[in-house]
Structure formats: structure tokens, C-alpha cells
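Here's the structure we're looking at; comments come further down.
Residue numbers (this note's numbering): 14 to 179.
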């Protein structure tokens, strides 16, 4: 059933979140290395910004305990999560520093590289902008990698995949 129009604000936050959740997105996990070890965060706010230079963005929530780590990180990796990696997405949505049971290795700049993802973008932080209750982190892609496969999607608070056409 269609909802009446509303003005986004504190009183209509739930309705606004519901409206936004109608847009399905891909799922990423962003990783970086700190002095105490690897850290990760699941994010669905990812977009290409520019081909020349190669720029991408993602948006960590300011309320996240990992926000300061990622907005300060000089280097980080954005992983596009495969359809069969829901467990990794849910794991890093809850915790950021527990890499036990996760298949990963250290790549260039000692960055944590997750195995099995669909694509990977090794980034140098270029800019961090205010974005309300999130920050907008723009990175210059220094190295990229991809493989064939289907991605994990997130819509209306649930994970899913593409419908297959046979």
C-alpha cells in the first residue's frame, strides 16, 4: 500500500529509511590495516565517481565505532561481495576486528585482501567530506581486480541475489 507524502525529518525517520530501502544496492566490505591489526566494515554506499582519474566513493556512518579508523586510513580496499559471501557481509556488519574464520591475506601496503570477492579496488584516500550523519570518503583507485560471478544485493533490510534467466 502506498504511503502518503512526507517531509523527511526526525518525526518521519522510519518512513524515510523505508523509502530509501526500496533501492537495492550491491554489498561491499571495506578493509584497512591499523597498528593493532586488520579492520573491516560492511557498506552498501559505494559508487564510481570518475574514470579519469579513477575515483570511487563510499560512506561510513559517523555513529560507527570504526568511523574514525576508516576516515583516517590513508589506504583501504573496497571488496564487491559475491552472492555466496553473505556470511562475510553479516560478520563485518557486526564486528570489524575479528578476522578469525575469514579467508584473507595481506596485499600491497599490508592491506587485508578478502578471498572470493567479485571485484576489489585498492584505494588511496583522496578526500573526506561531510555527509550529514555519514562521511563521504573519496578514494583514488591504485589497483583493481575482478572475476565473473553474481553479486550479493541488499534491499529492504535483506540480502539477496539476482534472478536467474534460464
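C-beta: ideal position from N, C-alpha, C; glycine also. Here the structure is a predicted model, which is why all the values come from computation and not from measurement.
Per DSSP, reduced to three states, the secondary structure at residue 30 is helical. Runs of the alpha helix (DSSP H) spanning 4 or more residues and lying entirely within the region 77-101 occur at 80-85, in chain order.
Between residue 23 and residue 120, the alpha-carbon positions lie close to 43 angstroms from each other.
Each residue's CA atom was taken as its position, placing residue 17 and residue 136 some 42 angstroms apart. The C-alpha of residue 161 is placed about 22 angstroms away from the C-alpha of residue 168. Non-local beta-carbon contacts of residue 55 in its own chain, meaning distances under 6 angstroms to residues more than five positions away in sequence, involve 42, 102, 105 and 106 in chain order.
Between residue 157 and residue 129, the C-beta spacing is not below 8 angstroms. Collapsing the DSSP output to three states places residue 155 in a strand.
Excluding five sequence positions before and after residue 38, the CB atoms of its chain that fall closer than 6 angstroms to its own CB belong to 57 and 167, given in chain order.
Looking from the CA of residue 164, the closest CA among 93, 32, 25 and 73 belongs to 93.
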